[in-house]
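Asks: Sharing a structure, written as structure tokens. Questions coming.
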Amino acid sequence: ILRRRREGRRRRRQRRAQRRREHRAIEQAQRQRRHQQETQGYQLREQQRRLYPRGRSQQRRHERYQRWLQRLEQQEQDPNRQPTIYHPRIAIPGDYDYYS
Numbered sequence: 001i002l003r004r005r006r007e008g009r010r011r012r013r014q015r016r017a018q019r020r021r022e023h024r025a026i027e028q029a030q031r032q033r034r035h036q037q038e039t040q041g042y043q044l045r046e047q048q049r050r051l052y053p054r055g056r057s058q059q060r061r062h063e064r065y066q067r068w069l070q071r072l073e074q075q076e077q078d079p080n081r082q083p084t085i086y087h088p089r090i091a092i093p094g095d096y097d098y099y100s
């Protein structure tokens, strides 16, 4: 009677150890996966930061201004362009469209 019980106990202990081992393996796999995802996200963030840096507003503004200047110059070189009237209320003599 004693022997069988001892064997059962040992078996139970083995089963418990096995279960514990499996649990530990599962936890380790989850931890590894989480770590991998974190590092992946970090790498992605770094890549984004390298590609689209922040804090370059001055440079961007300057580029926009340069583009605007270029566009102005191109418009001024355009041959069949009307001169811009900046004050539409000021009547230009000889501009008869104003009175129509």
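Using UniProt numbering, read the sequence shown as starting at 1 and increasing by one per residue.
Beta carbons are placed, not taken as given, at the ideal position from N, Cα and C, and that holds for glycine.
#1: In three-state DSSP terms, what is Y52?
#2: Contact defined as beta carbons within less than 8 Å: I believe Q75 pairs with R67. What is the distance between those atoms, to the nearest angstrom?
#3: Helix, strand or coil: how does DSSP classify R81 here?
Replies: Here's the rundown:
#1: coil
#2: Not confirmed; about 13 Å, so no contact.
#3: coil
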